[in-house]
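Protein chains: 2
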Amino acid sequence: MPQSNSANISACSTCNLAELCLPVGLTAQEMQRLDELNMQKHSFSRGDYLYRSGDRFRALFAINRGAFKTRILHEDGREQVTGFQMAGEIIGLDAISTDRHDGEAVALESSVVCELPFQKLETLSRDIPSLQRHLHKIMSREIVRDQGIMLLLGSMRSEERVAAFLLTLSQRYAMRGLSPTQFQLCMSRQDIGSYLGLKLETVSRAFSHFQDEGIIAVKTRSIEIIDLALLQASINSSC
Amino acid sequence: MPQSNSANISACSTCNLAELCLPVGLTAQEMQRLDELNMQKHSFSRGDYLYRSGDRFRALFAINRGAFKTRILHEDGREQVTGFQMAGEIIGLDAISTDRHDGEAVALESSVVCELPFQKLETLSRDIPSLQRHLHKIMSREIVRDQGIMLLLGSMRSEERVAAFLLTLSQRYAMRGLSPTQFQLCMSRQDIGSYLGLKLETVSRAFSHFQDEGIIAVKTRSIEIIDLALLQASINSSC
DNA sequence: CATGTTTTTTGACTCACATCAAACCCAATT
DNA sequence: AATTGGGTTTGATGTGAGTCAAAAAACATG
Numbered sequence: 239m240p241q242s243n244s245a246n247i248s249a250c251s252t253c254n255l256a257e258l259c260l261p262v263g264l265t266a267q268e269m270q271r272l273d274e275l276n277m278q279k280h281s282f283s284r285g286d287y288l289y290r291s292g293d294r295f296r297a298l299f300a301i302n303r304g305a306f307k308t309r310i311l312h313e314d315g316r317e318q319v320t321g322f323q324m325a326g327e328i329i330g331l332d333a334i335s336t337d338r339h340d341g342e343a344v345a346l347e348s349s350v351v352c353e354l355p356f357q358k359l360e361t362l363s364r365d366i367p368s369l370q371r372h373l374h375k376i377m378s379r380e381i382v383r384d385q386g387i388m389l390l391l392g393s394m395r396s397e398e399r400v401a402a403f404l405l406t407l408s409q410r411y412a413m414r415g416l417s418p419t420q421f422q423l424c425m426s427r428q429d430i431g432s433y434l435g436l437k438l439e440t441v442s443r444a445f446s447h448f449q450d451e452g453i454i455a456v457k458t459r460s461i462e463i464i465d466l467a468l469l470q471a472s473i474n475s476s477c
Numbered sequence: 239m240p241q242s243n244s245a246n247i248s249a250c251s252t253c254n255l256a257e258l259c260l261p262v263g264l265t266a267q268e269m270q271r272l273d274e275l276n277m278q279k280h281s282f283s284r285g286d287y288l289y290r291s292g293d294r295f296r297a298l299f300a301i302n303r304g305a306f307k308t309r310i311l312h313e314d315g316r317e318q319v320t321g322f323q324m325a326g327e328i329i330g331l332d333a334i335s336t337d338r339h340d341g342e343a344v345a346l347e348s349s350v351v352c353e354l355p356f357q358k359l360e361t362l363s364r365d366i367p368s369l370q371r372h373l374h375k376i377m378s379r380e381i382v383r384d385q386g387i388m389l390l391l392g393s394m395r396s397e398e399r400v401a402a403f404l405l406t407l408s409q410r411y412a413m414r415g416l417s418p419t420q421f422q423l424c425m426s427r428q429d430i431g432s433y434l435g436l437k438l439e440t441v442s443r444a445f446s447h448f449q450d451e452g453i454i455a456v457k458t459r460s461i462e463i464i465d466l467a468l469l470q471a472s473i474n475s476s477c
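Note that the protein sequences, when read in sequence, are chains A and B. The first sequence: position 68 = 306 (this note's numbering), numbered continuously. The second sequence: position 82 = 320 (this note's numbering), numbered continuously.
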């Protein structure tokens with residue numbers, strides 16, 4: 239996985255908080271303040287936990303390289319993947335409400351993250367109003383995203399879900415300046431299934447079916463979207 | 239670290255922003271500031287829209303009386319209910335990210351809400367840091383809540399979903415000092431189904447089945463929870 | 001390279017929920 | 001009292017996705 243090289247994101251490479259700085263337009267002075275917090279860097283390899291269930295959560299993390307999945311665990315062991323995070327994104331926002339947090343983030347690839355302790359964030363955001371407002375934006379986006387997934391889980395058939403999943407992945411890669419039609423999946427069929435509320439076999443069948451139709455080309459974790467319009471259409475058609 | 243709190247909605251009745259003031263512990267002076275914004279009051283009756291799809295969203299609303307459902311609409315007409323809001327709660331938070339918003343809130347009962355224009359809220363929160371922090375809390379809670387629903391939609395059977403729904407309703411009524419075992423539903427079977435990713439018939443069957451088991455008593459929209467422990471158990475049992 | 005392990009694909013079968021349809025209830029209206 | 005209409009319950013039937021199982025492919029290891 240090459241380190242993120244998108245034009246937008248590199249603008250904030252100095253503070254290692256790519257997504258955080260990106261749309262807010264912090265001044266040089268404000269960015270310096272971020273550096274003064276001397277944030278710690280952590281390296282994770284595949285399968286490592288970013289923070290464990292039961293532990294109180296104390297920090298935000300910006301992903302510099304690699305990918306994570308976030309999940310919540312039911313008492314009886316059932317897991318639900320709540321999202322996939324890639325380089326240039328932030329995880330841990332939900333934990334700002336320190337009351338109850340039973341979520342985890344698990345590395346899907348070798349990853350590097352940058353930790354920003356929450357206490358410091360709070361004092362910081364008092365000084366930098368734009369940061370405060372920007373955190374709102376991120377959280378709002380998270381809520382909107384979650385509600386989109388609720389729509390997906392609540393009222394779409396299996397193949398529509400997989401199509402929607404591929405399309406959002408495509409968009410996210412495009413936003414990073416990478417190819418929107420040819421990319422590597424960084425997660426297993428199992429994880430995709432959990433995220434979409436499906437079993438891994440169903441995900442596999444959907445991939446195979448789209449391939450038979452000539453919409454995509456699949457080779458294990460390599461995906462090529464051949465007919466993007468058809469993929470779009472397959473979300474609305476089957477209703 | 240923000241101090242913990244105990245629920246007492248009446249403490250904030252003066253400013254009509256029950257939930258907003260509740261856990262944040264605004265000072266008398268701060269509450270007066272809120273009043274100076276001379277917020278508009280709106281009255282809604284059943285089925286009215288709080289804000290319409292396509293319109294840019296400009297405000298937060300605190301519900302003084304009545305109930306709402308929030309929903310998002312797919313292009314092809316499919317709707318997904320994303321939540322139910324009752325008196326003392328706030329709706330519209332997801333719309334702070336003004337970019338794209340295709341959600342709606344629809345009154346389920348005759349309702350009174352109190353509008354707080356967003357622009358003013360922003361200037362206000364610069365003056366009152368605790369309000370800013372509290373908005374974070376609310377949004378965090380929203381995210382946590384949504385992710386709980388994702389778990390529900392992704393990995394629970396129909397009866398588990400209905401049981402979980404009744405239990406969270408029970409908790410919410412308890413928080414308001416109302417009976418947690420005997421209450422009125424303010425939404426139709428259809429809405430419950432949409433919220434839980436089920437058809438209305440399935441919801442009805444689940445109610446009937448729980449009634450046959452002696453766990454609850456149902457009379458159209460009146461619910462009495464007879465055996466709360468059994469209802470709890472029915473979430474974990476069937477796996 | 002051979003070997004064991006994990007992930008993915010594919011097939012056959014089952015079941016939970018959706019779908020379709022009819023009856024019922026209750027409140028509002030004539 | 002009869003009628004209308006929305007919401008709810010209940011039954012009969014169909015189907016999409018889960019389950020079980022086994023083979024194939026990809027990956028890891030000595």
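Where a beta carbon is used, it is the ideal one built from N, C-alpha and C, also for glycine. As the structure is a prediction and not an experimental result, all values here were calculated from the model.
Checklist entry - Going by other Cβ atoms of all chains shown within 10 Å of its Cβ, with 16 needed for buried, is Gln-409(B) buried or exposed? => result exposed
Item to check | Helix, strand or coil at Ala-478(A) according to DSSP, with G and I counted as helix | outcome: Summary: the structure shown does not reach residue 478(A), with chain A confined to residues 239 through 477, and so no result is reported for it.
Checklist entry - Between which two residues does the alpha helix (DSSP H) carrying Leu-404(A) extend? => result 396–413
Item to check | Spatial distance of Ile-328(A) from Thr-419(B) (CA atoms) | outcome: 41 Å
Next on the checklist: To the nearest angstrom, how far is the alpha carbon of Leu-391(A) from that of Val-319(B)?
Outcome noted: Each residue's alpha carbon lies about 12 Å from the other.
Checklist entry - How would you call Tyr-433(B), buried or exposed, if buried means at least 16 neighbouring beta carbons within 10 angstroms? => result buried
Item to check | Secondary structure of Arg-443(B), DSSP reduced to three states | outcome: helix
Item to check | alpha helix (DSSP H) segment containing Leu-434(A), residue limits | outcome: 427–434
Next on the checklist: Can you confirm whether Ser-426(B), when its beta carbon is compared against all beta carbons of chain A, has any partner nearer than 7 Å?
Outcome noted: no
Next on the checklist: Strictly below 9 Å CB to CB, what residues from chain A border Gly-435(B)?
Outcome noted: Under the 9 Å cutoff, chain A gives Met-388, Leu-391, Gly-392, Ser-393 and Gly-435.
Next on the checklist: Quick check on this structure: which residue in Thr-458(A), Ser-460(A) and Ala-444(A) has the alpha carbon closest to the alpha carbon of Leu-469(A)?
Outcome noted: Ala-444(A)
Item to check | Supposed contact pair Ser-349(B) and Phe-322(B) - C-beta distance, whole angstroms, cut 8 Å | outcome: That pair is no contact at about 12 Å.
Next on the checklist: Going by C-alpha to C-alpha distance, which of Ser-426(A), Val-344(A), Arg-399(A) and Leu-438(A) sits closest to Gly-213(A)?
Outcome noted: Limits of chain A in this structure are 239 at one end and 477 at the other, which puts residue 213(A) out of reach.
Checklist entry - From Val-441(A) to Gly-435(B), what distance separates their C-alpha atoms? => result 19 Å
Checklist entry - Is it the case that the Cβ atoms of Ser-460(A) and Gln-422(A) are separated by a distance below 7 Å? => result yes
Item to check | Beta carbon proximity, Arg-383(A) to chain B, threshold 7 Å | outcome: no
Next on the checklist: So, at 7 Å on beta carbons, what are the nonlocal neighbours of Asp-337(A) in its own chain, with the 5 sequence-adjacent residues on each side left out?
Outcome noted: For Asp-337(A), the pLDDT reaches just 41, beneath the cut-off of 50, and the residue's location in the model is therefore unreliable, although a value from the coordinates is still provided. Excluding residues within five positions, none has a Cβ falling inside 7 Å.
Checklist entry - What are the residues that DSSP puts in a beta bridge with Ile-454(A)? => result Ile-463(A)
Checklist entry - Is there a Cβ from chain A that is less than 7 Å from the Cβ of Thr-406(B)? => result no
Checklist entry - DSSP three-state call for Arg-309(B): helix, strand or coil? => result strand
Checklist entry - How big is the Cα-Cα spacing for Met-425(A) and Thr-308(A)? => result In a straight line, the C-alpha of Met-425(A) is about 12 Å away from that of Thr-308(A).
Next on the checklist: What does the alpha-carbon distance come out to for the pair Gln-449(A) and Val-456(A)?
Outcome noted: Distance between the alpha carbons of Gln-449(A) and Val-456(A) is about 7 Å.
Item to check | Partner residues on chain A for Gln-318(B), Cβ-Cβ distance less than 7 Å | outcome: For Gln-318(B), the chain A residues whose C-beta falls within less than 7 Å of its own C-beta are Met-388, Leu-389, Gly-392 and Ser-393, listed in chain order.
Item to check | Pick from Thr-458(B), Glu-439(B) and Ala-471(B) that is closest to Ala-402(B), judged by C-alpha positions | outcome: Measuring from the Cα of Ala-402(B), the nearest candidate turns out to be Ala-471(B).
Checklist entry - If you draw a straight line from the alpha carbon of Thr-458(A) to that of Leu-438(A), how long is it in whole angstroms? => result Their backbone Cα atoms lie some 13 Å apart in a straight line.
Checklist entry - Which residues in the same chain have their Cβ closer than 8 Å to the Cβ of Glu-317(B), if we skip the five residues on either side of it in sequence? => result Arg-309, Ile-310, Leu-311 and Ser-432
Checklist entry - How long is the line joining the alpha carbons of Ser-396(A) and Glu-451(A), rounded to whole angstroms? => result 16 Å
Checklist entry - Can you find a CB in chain B that lies within less than 7 Å of the CB of Glu-380(A)? => result Chain B, which has a Cβ nearer than 7 Å to the Cβ of Glu-380(A), makes this yes.
Checklist entry - Buried or exposed: where does Ala-467(B) fall if 16 or more other Cβ atoms within 10 Å of its Cβ makes it buried? => result exposed
Checklist entry - Between Ile-381(A) and Ile-381(B), is the Cβ-Cβ spacing less than 7 Å? => result yes
Checklist entry - In this structure, what does DSSP give as the bridge partners for Gly-321(B)? => result DSSP lists Thr-308(B) as partners of Gly-321(B).
Item to check | Cβ shell of Ile-463(B) (< 8 Å), same chain only, five flanking positions each side left out | outcome: Leu-404, Ser-408, Pro-418, Thr-419, Gln-420, Ile-453, Ile-454 and Leu-469
Checklist entry - Exposed or buried, what is Gly-304(A) when buried is set at 16 or more other beta-carbons lying within 10 Å of its beta-carbon? => result buried
Checklist entry - What do you get for Ser-281(A), buried or exposed, if any count of 16 or more other CB atoms within 10 angstroms of its CB means buried? => result Exposed.
Checklist entry - Nearest-angstrom Cα distance between Val-351(A) and Arg-379(B)? => result Near 25 Å, if we compare the C-alpha coordinates of Arg-379(B) and Val-351(A).
Checklist entry - Who are the near neighbours of Met-324(B) in its chain, counting only those whose CB is closer than 6 Å to its CB and skipping five residues on each side? => result Ala-305
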